[in-house]
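Enquirer: Dropping the structure in here first, questions after.
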Amino acid sequence: MSQPDIRLGLIGTGTIGKMHLLSLAALRESKLIDLEISAICDIESSTLKNASELFEVETTYSDYQNLIDDEDVNVVYVCTPTNKHRDMVIAAAKAQKAVFCEKPLAHSGPQAQDLYMITKSHNIQAAIGLVLRFDQFLVHAKQLIQKYDFGKPMLAHIRDDQRFPVDYIYASKWRMDRSIAGGGTLIEHSIHDIDVLQWFFGPVEHVYATVNNFNGFDVEDHASLVLTHHDGCVSTLDSVWHWVERPNERRFEFFFENGYLGIKLESDKRYVEYQLKGERPVKLWAESVNTTLIEHLDLDEQNLSTEAYETLTQVGSERYAALSYSFLKSIRDQTEMVPGFKEGVSAHRIVDAAYESADKAARISLS
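Each residue of the sequence shown is one higher than the last, beginning at 59 in the working numbering.
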């Protein structure tokens with residue numbers, strides 16, 4: 059019996075690692091792509107044992123180098139705290155193994171750039187976990203912009219709030235330690251939002267930011283950014299970590315010359331709404347957009363199994379499945395992966411500029 063095309067090894071079986079394992083297992087069972095989860099690795103034996111049993115992975119390691127050296131592994135997923143990314147990505151690249159790395163790539167733009175150049179020099183496929191590019195509501199919003207005459211973008215705003223990621227589904231407090239995470243809500247969480255703003259509105263030329271620490275942790279819990287894009291559109295981002303016992307929420311408001319787009323994510327009531335000049339507003343819930351990713355990934359809905367359909371339409375987890383499908387397909391077909399490390403570096407540059415702006419109380423140019 060021949061081996062699967064994709065033989066994965068995943069490092070880091072904590073919260074985010076399990077999210078990826080769940081989606082990878084769903085992709086495997088749905089037969090959307092020929093893959094096997096060959097090995098997993100974690101320094102915490104109890105966490106590793108739990109993941110091994112849950113996802114039926116027999117080969118386990120406590121040392122990431124042993125996983126990378128495993129000849130049965132040809133793709134490496136790095137799902138560890140940020141300060142571990144560099145060594146693991148470099149080791150995978152030197153072993154000529156495609157690598158997926160969770161966001162943020164590193165603690166700074168120059169560090170992220172170094173990783174990008176290393177993967178380029180070794181000619182390997184490299185992807186970053188900017189999963190919002192595969193959120194069905196955001197993808198649908200992009201399609202609406204392409205379909206209708208919204209006109210020139212004028213103003214974009216994202217408000218992103220999240221309960222401090224130290225309890226509930228988060229089993230550890232490392233995100234509150236700057237030496238591990240590199241920063242707080244801006245780099246660790248809202249690098250997603252920065253990527254979305256560039257995805258929708260193009261490159262950023264200028265950054266002005268305010269960053270605060272209200273709760274006394276080692277990292278910021280609030281950041282407000284004003285970004286000026288190359289075409290003149292202005293976007294703003296407000297990101298906050300808090301202690302309020304409410305659902306996490308992302309709200310997007312995009313204003314154009316001829317229309318408006320609004321998206322609400324993370325909460326239990328997700329939707330995309332839009333209104334064109336001279337027309338009535340339209341609001342679309344999950345059932346109206348749930349085939350968006352199937353179309354986006356160029357799949358034929360009529361030929362999908364029930365398992366494959368459910369994998370790509372389940373709100374929340376669909377992002378991870380679609381991102382991994384796109385990445386693994388790019389490896390199989392030898393095509394460029396987006397978002398790759400290049401897009402990660404671009405987002406990191408804006409994060410760096412925001413921290414610099416807050417420190418200097420000045421607008422920072424990226425040109």
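Every residue, glycine too, gets a C-beta built ideally from N, C-alpha and C. As the structure is a computational prediction, the values presented were derived from the model and not from experiment.
List the DSSP bridge partners of Thr118.
Expert: What you label residue 118 is simply residue 60 of the sequence shown in a count that begins at 1. For Thr118, the beta-bridge partners assigned by DSSP are Ile98.
Enquirer: Run the CB neighbour count on Glu376, radius 10 Å, all protein chains shown included, and call it buried at 16 or more, exposed below.
Expert: Numbered from 1 along the sequence shown, position 318 holds the residue referred to as residue 376. Classification for Glu376: buried.
Enquirer: In three-state DSSP terms, what is Met212?
Expert: Start at 1 with the first residue of the sequence shown, and residue 212 comes out as number 154. Of the three classes helix, strand and coil, the one that applies to Met212 here is strand, per DSSP.
Enquirer: According to DSSP, is Ser282 helix, strand or coil?
Expert: Position 224 of the sequence shown, counting from 1, holds the residue named residue 282. DSSP, read as helix, strand or coil, puts Ser282 in strand.
Enquirer: Can you check whether the CB of Glu94 is closer than 8 Å to the CB of Leu66?
Expert: By 1-based counting over the sequence shown, the position of residue 66 is 8. By 1-based counting over the sequence shown, the position of residue 94 is 36. A contact, by the Cβ cut-off of 8 Å.
Enquirer: For Trp301, which residues in the same chain have their Cβ closer than 8 Å to its Cβ, ignoring the five residues on either side in sequence?
Expert: Working through the sequence shown from its first residue, we reach residue 301 at position 243. Excluding residues within five positions, the ones whose Cβ falls inside 8 Å are Arg221, Phe222 and Asn273.
Enquirer: Would the C-beta of Leu163 count as close to the ligand MG, meaning under 7 Å from any of its heavy atoms?
Expert: Absence of the ligand MG is noted for the structure shown, with no ligands found whatsoever.
Enquirer: When we look at the beta-carbon of Thr177 and count the other beta-carbons within 10 Å, is it buried (16 or more) or exposed?
Expert: By one-based count along the sequence shown, residue 177 stands at place 119. Buried.
Enquirer: So Leu188 and His250 are in contact, right, with Cβ under 8 Å, and what is the actual spacing, rounded?
Expert: Residue numbering aside, residue 188 sits at position 130 when the sequence shown is read from its first letter. Residue numbering aside, residue 250 sits at position 192 when the sequence shown is read from its first letter. Correct: roughly 6 Å between the Cβ atoms.
Enquirer: Can you tell me the Cα-Cα spacing of Cys137 and Val147, whole angstroms?
Expert: Position 79 of the sequence shown, counted from the start, is the residue given in the question as residue 137. Position 89 of the sequence shown, counted from the start, is the residue given in the question as residue 147. Within the model, the alpha-carbon separation for Cys137 versus Val147 is close to 11 Å.
Enquirer: Which whole-angstrom value describes the C-beta separation of Cys99 and Leu125, a residue pair presumed to lie in contact below a C-beta threshold of 8 Å?
Expert: Your numbering for residue 99 matches position 41 in the sequence shown. Your numbering for residue 125 matches position 67 in the sequence shown. Indeed they touch by this definition, with Cβ atoms about 4 Å apart.
Enquirer: Flag this pair as touching only if the region 237 to 255 and the region 281 to 290 have three or more C-beta atom pairs under 8 Å; answer yes or no.
Expert: yes
Enquirer: Enumerate, from N- to C-terminal direction, the unbroken alpha helix (DSSP H) stretches of 4 or more residues contained entirely within the region 231 to 300.
Expert: 236 to 239 and 249 to 259
Enquirer: So His264 packs on Ser423, CB below 8 Å; how close in whole Å?
Expert: On the sequence shown, position 206 is the one that residue 264 refers to. On the sequence shown, position 365 is the one that residue 423 refers to. Yes, they are in contact, since the Cβ atoms of His264 and Ser423 sit about 6 Å apart, within 8 Å.
Enquirer: What ranges does the alpha helix (DSSP H) occupy inside the region 376 to 407, keeping only unbroken runs of at least 4 residues that lie completely in it?
Expert: As for any alpha helix (DSSP H) of minimum length 4 sitting wholly inside the region 376 to 407, the runs are 376 to 391, ordered along the chain.
Enquirer: Roughly how far, in whole angstroms, is the beta-carbon of Val292 from the beta-carbon of Leu213, given that I think they are within contact range, below 8 Å?
Expert: If you number the sequence shown from 1, residue 292 lands on position 234. If you number the sequence shown from 1, residue 213 lands on position 155. With a Cβ gap of about 6 Å, Val292 and Leu213 count as contacting.
Enquirer: Please tell me whether Phe192 and Leu351 are closer than 8 Å, where the distance is taken between their beta carbons.
Expert: Here residue 192 corresponds to residue number 134 of the sequence shown, with the count starting at 1. Here residue 351 corresponds to residue number 293 of the sequence shown, with the count starting at 1. Closer than 8 Å, so yes.
Enquirer: Assuming Ala156 is part of the beta strand (DSSP E), what are its boundary residues?
Expert: Along the sequence shown, read from residue 1 onward, the residue named residue 156 stands at position 98. Boundaries of the beta strand (DSSP E) around Ala156: Ala156 to Cys159.
Enquirer: Quick one: residues in its chain with C-beta nearer than 6 Å to the C-beta of Phe208, no 5 flanking neighbours on either side, listed in chain order?
Expert: Translated into the one-based positions of the sequence shown, residue 208 becomes position 150. Only Phe314, Asn316 and Gly317 meet the Cβ criterion.
Enquirer: Rounded to whole angstroms, what is the Cα-Cα separation between Asp358 and Leu85?
Expert: For this step, residue 358 is matched to residue 300 along the sequence shown. For this step, residue 85 is matched to residue 27 along the sequence shown. Approximately 16 Å between the Cα atoms of the pair.
Enquirer: Using DSSP bridges, identify the partner residues of Gln201.
Expert: Taking the sequence shown and counting its residues from 1, the one referred to as residue 201 is at position 143. Gln201 is bridged by DSSP to nothing; it lacks a bridge partner.
Enquirer: Taking C-beta to C-beta, are Leu202 and Tyr332 nearer than 8 Å?
Expert: Translated into the one-based positions of the sequence shown, residue 202 becomes position 144. Translated into the one-based positions of the sequence shown, residue 332 becomes position 274. Going by C-beta atoms, Leu202 is nearer than 8 Å to Tyr332.
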